[in-house]
Amino acid sequence: KFKCLVQHDGVFDSRAMAYETEELWFDTWEHGGKTYFEDPAAYEKWNPVNYVDQWKTPMLVITGEKDFRIPYTQGLAAFTALQMKDVPAQLLVFPDENHWVLKGKNSLQWHATVFDWLARWLKPASTGTK
């Protein structure tokens, strides 16, 4: 359905996220007010790691090493899964950013990388006319 994806600080494994995040409220709220050990089925139902076998869409993965809301290892895991499946992927890691990209030069790099990724995969089909 999609020609490409851009994943910025996305969750790869809900099970791991339930115990890794410093922001418990969001994760619990998104799963009906229950923790992972109270309702594992709620976390596993849409857990991205359970669907890696179906991944085929090129993905740009962006993460910050100082992100404690969605730890950067979630992005690394997604990128690794894409590489293992031979799905076109690119990884952009900001060692000095958290959940947001706040520094000017990093913001420029973020935008340039995202726009380049989109341009690469969203080129209009050639109509054969000039």
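The opening residue of the sequence shown carries number -4 in our numbering; numbering runs sequentially from there. Where is the CB? At the ideal position from N, CA and C, for every residue including glycine. These numbers come from a predicted model, not from an experiment.
### Message
According to DSSP, residue 2 sits in a beta bridge with which residue or residues?
### Response
Looking at the DSSP assignment, residue 2 forms a beta bridge with 56.
### Query
Thinking C-beta only, is residue 58 closer than 9 Å to residue 166?
Residue coverage of the chain in this structure runs from -4 to 125, which leaves residue 166 outside it and unanswerable.
### Message
Which of the three DSSP states is assigned to residue 113 in this structure?
### Response
Here residue 113 sits in helix by DSSP.
#### Entry: Pairwise C-alpha distance: residue 70 and residue -4
22 Å
### Query
So residue 22 and residue 12 are in contact, right, with Cβ under 8 Å, and what is the actual spacing, rounded?
6 Å
### Query
What did DSSP end up calling residue 96 once you bin it into helix, strand or coil?
coil
### Message
Is the beta carbon of residue 93 closer than 9 Å to that of residue 51?
### Response
no
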